[in-house]
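First comes the structure, then the notes that go with it.
There are 2 protein chains.
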Amino acid sequence: MASLDRSLIAGLSVFEGIAAADLDRIIGQARSIRVARDQRVFEQEQEAHSFFLLLDGHVRVVKSTPDGHEVTVRYISPGELLGIASALGRTTYPANAIAAADCVVLAWPSQLWLTFSASFPSFSANTYKAVGSRLQDAHSRVVEMSTEQVEQRVAHALLKLIKQSGKKTEEGILIDFPISRQDVAEMTGTTLHTASRLLSAWEDQGLVKGGRQKIVVVEPHRLLVIAEGRTSKS
Amino acid sequence: MASLDRSLIAGLSVFEGIAAADLDRIIGQARSIRVARDQRVFEQEQEAHSFFLLLDGHVRVVKSTPDGHEVTVRYISPGELLGIASALGRTTYPANAIAAADCVVLAWPSQLWLTFSASFPSFSANTYKAVGSRLQDAHSRVVEMSTEQVEQRVAHALLKLIKQSGKKTEEGILIDFPISRQDVAEMTGTTLHTASRLLSAWEDQGLVKGGRQKIVVVEPHRLLVIAEGRTSKS
DNA sequence: CGGCAGGTTGACGTGACTCAACATTAGTGG
DNA sequence: CCACTAATGTTGAGTCACGTCAACCTGCCG
C-alpha cells in the first residue's frame, strides 16, 4: 500500500490545530480503503472494530428495521467521520453505511479513539461538537416529520442535499452523486411513488430537472417556498 | 438558601466515580431552583447561561416551530442533565423545557461545563455517553416516524413513558406525572383527537385506564403487541 | 355554581399509500 | 452491434388512515 500523507487530513476540521508530527502519527495508523459504489463501509449490528473518515465519495447511512423498511439517517460528505458509534459507548454499529458513489475512506481501529481523544483535546472537542450537531439534525428531522407534509419534507431534503453536495452547472445545482427516487423516499419517510410524482410535478413547473439517478435543482428559491409551506396551493 | 448537600448528587451516574471533596466543590457552585408545574426551566432561543440537573419532578422538552406547532423531544426524569446545549457548542437553548410537574433543579453557570469536564474525566465521559444515547433515541424516533403508523407510535410512546416513569399501582402501571392527550399527541406527531380516540379504544379493550391528565397501563404486553405492529387488525 | 381546560365523539375530506401496469434506460452477453 | 434483462422511473385508479371541523361532555377550581 502506498504510504499515506498527512496532507490528506491536514485541512479537515476534525484534525484542526494538531501539529504536523502528530498528524503523521495519526495517519500512520490508518488504513486506506476503497469502497465501490453500493458496497458497505460497515454493517448494522456488526462489531464496531473501526471508525472511519471519508476522504472521497459519498456515503449513505441507513437503518434497517426488522420488517424490511430502510430509513436513511444521513449522507456523509468528504472530510466527515463515520462509524463513530464506538465513541458513543456502543460496541456495534447502529446502521449500515453504503457507498453512494465510489469512495475512499481511512479506517482506524476503534481502540485508537480513546488514544486520540486523550492525546488531542481539539480532536475530542471537534468530534463531540460534530456529535452535538448531529443530535440537532436528528431533532429537527423529528420536528419535520411531525409537522410537515411529504411535499415539504422532500423539498427540505433536496435543499439539504444541494447545500451539502451541490455542484453548480449551467442547468442549475446538481446533486453530486447518483441518487434515485427510492433514495429520496427513504430520506423523507415516504414511498418511491410519491417521491417520483413530486419530482415529476416539479419538473413540469421547471423547478428541478431529473434524470436517472440524477437531480438538478433549477430554482432553489421556489423550492424553499415549498419547503416552508408557504405555497399558494393553486 | 439552605446549603446543599453532596448526598443530593452522590448516587447519580453523571457524577459517578468523583471524590467526595470534589462533589462538595461541584455542588457548592450550584443554585437550587424550584420550578412550579407549567413553568419553564429555560426557553428556546434564549441565551444558554446555565446547565441543569433535575433533582425531582419531570420536565418536558418541547420544540416550537415558527408556525405554532409544538413537538415534544423528550421527557427528563430525576437524575438527568438538561440544558446541556452549551456543552455541544451552542450558545442558545434549542428547545423549551417545561415542568410537567413541580420540580427541583440544580443550575450551574454554563462556563463551569468546561471546568467540570476538564477536571473530572468521568463527568465528561458520562455526559458524552448520555449525549450519544440521546442521539440514538432521536434516530430511532426518526425511524419510527418514517415507518410506523400513529397507533404504533402512541403505543411505543406509552411504553417508553412507563419504562422511564412508571409506578406500579394496583390498577396497573401509572405514568407518574400529569400528562394530557395533547401531550401524547405532541410526543407522537399526531393530533389531540387521534390520540384521544386511540386511548378511548384501548380503554374499551381494557388495555389502559385513562383519567384527566392521567394514564395507567393495565396490560403492557398487549400494548407491546400493538407497538410492534403484529396486531390482528380485527 | 359558573366557567374553563381537558376530553370525547361524530361526520367528512383528503393526502399519501397501495396495487398495478407500463415506459425508459443501462448494462450484459451472444 | 443488437437483443435481452434488470433496474429505475412514471403514472393511473382505488382506498384508507388520519387530520379537520364541529359539537358536546365532564370534572375541577375559584
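Line by line, the protein sequences are chains A and B. Read left to right, the first sequence gives residues 803 to 1036 (the working numbering). Read left to right, the second sequence gives residues 803 to 1036 (the working numbering). Glycine is no exception: its CB is placed at the ideal position from the N, C-alpha and C atoms. Just so it is clear, the structure is predicted and the values come from calculations on it, not from any experiment.
The straight-line gap separating the alpha-carbon atoms of serine 879 (chain A) and aspartate 939 (chain A) is approximately 15 Å.
Neighbours of proline 980 (chain A) in chain B, taken as residues whose beta carbon is under 7 Å from its own, are absent, since the nearest beta carbon is some 22 Å off. DSSP, reduced to helix, strand and coil, places phenylalanine 922 (chain B) outside both helices and strands of the structure shown, so it counts as coil. A Cβ-Cβ distance of about 6 Å is found for the pair serine 852 (chain A) and glycine 885 (chain A), placing them in contact under the 8 Å criterion.
Remark: C-beta atoms of valine 837 (chain B) and glutamate 988 (chain B) do not approach each other more closely than 8 Å. Taking one beta carbon from each stretch, the stretch 896-914 of chain B and the stretch 834-848 of chain B have 3 or more pairs nearer than 8 Å; the two touch. Residue pairing by DSSP places glutamate 849 (chain A) opposite A:Thr894 in a beta bridge.
The beta carbon of arginine 943 (chain A) falls within 8 Å of a beta carbon belonging to chain B, placing the residue at that interface.
The residues Leu994, in chain order, have a CB closer than 7 Å to that of glutamine 984 (chain A) in the same chain once the five nearest residues on each side in sequence are set aside. For alanine 940 (chain A), at least one C-beta of chain B is nearer than 8 Å to its own C-beta. Taking 4 residues as the shortest admissible run, the stretch 939-1015 of chain B contains the following complete alpha helix (DSSP H) segments, listed from N- to C-terminal end: 952-967, 983-990, 994-1006. Against chain B, a Cβ distance below 7 Å from glycine 1008 (chain A) picks out nothing, because the smallest value is about 27 Å.
In this structure, the alpha-carbon of valine 816 (chain A) lies about 13 Å from that of isoleucine 829 (chain A). In the DSSP assignment, serine 834 (chain A) is bridged to A:Leu908. Pairing aspartate 840 (chain A) with leucine 857 (chain B), the inter-Cα distance amounts to about 49 Å. Ranked by how close their Cα comes to the Cα of serine 805 (chain A), the residues A:Asp826, A:Ile820, A:Val1027, A:Gly819 have A:Asp826 in first place.
By the 16-neighbour rule on beta-carbons within 10 angstroms, glycine 813 (chain A) is exposed.
Taking 7 Å as the upper bound on Cβ-Cβ separation, chain A lies near residues Tyr930, Lys931 of the stretch 914-931 of chain B.
Pairing tyrosine 877 (chain A) with isoleucine 811 (chain B), the inter-Cα distance amounts to about 40 Å. Neighbours of serine 815 (chain B) across chain A, judged by C-beta separation under 9 Å, do not exist; the nearest C-beta is about 12 Å away. Straight across, the Cα-Cα distance linking valine 863 (chain B) with alanine 920 (chain B) is about 28 Å.
Not a single C-beta of chain B is nearer than 8 Å to the C-beta of arginine 983 (chain A). Listed by position along chain B, the residues whose Cβ is nearer than 7 Å to that of valine 873 (chain A) are Val944, Val945, Ser948, Thr949.
Nearest to glutamate 973 (chain B) by C-alpha distance, out of B:Val1020, B:Arg936, B:Gln966, is B:Val1020. Judged by DSSP secondary structure, arginine 1024 (chain A) falls within the alpha helix (DSSP H) whose first and last residues are 1022-1029. Within chain B, the residues placing a beta-carbon under 8 Å from that of leucine 937 (chain A) are Leu890, Val933, Arg936, Leu937, Ala940, ordered along the chain. When secondary structure is reduced to three states using DSSP, serine 805 (chain A) falls in the coil class, being assigned neither helix nor strand. Taking CB atoms only, lysine 970 (chain A) has no neighbour in chain B less than 8 Å away. Against chain B, the beta carbon of threonine 867 (chain A) has neighbours under 8 Å at Val945, Thr949, listed in chain order. Here DSSP, grouped into helix, strand and coil, assigns aspartate 869 (chain A) to coil.
The residue from B:Pro868, B:Thr1033, B:Ala822, B:Lys969 with its alpha-carbon nearest to that of isoleucine 1017 (chain B) is B:Lys969. Taking a cut-off of 8 Å for Cβ pairs, the stretch 933-949 of chain A and the stretch 999-1014 of chain A do not touch, as fewer than three such pairs fall below it. In the DSSP assignment, valine 843 (chain A) falls within the beta strand (DSSP E) that extends over 842-844. Within chain B, the residues Met947, Ser948 have their CB atoms less than 7 Å from the CB of glycine 991 (chain A), given in chain order.
Judged by their CB atoms, proline 980 (chain B) and alanine 927 (chain B) are not nearer to each other than the 8 Å cut-off.
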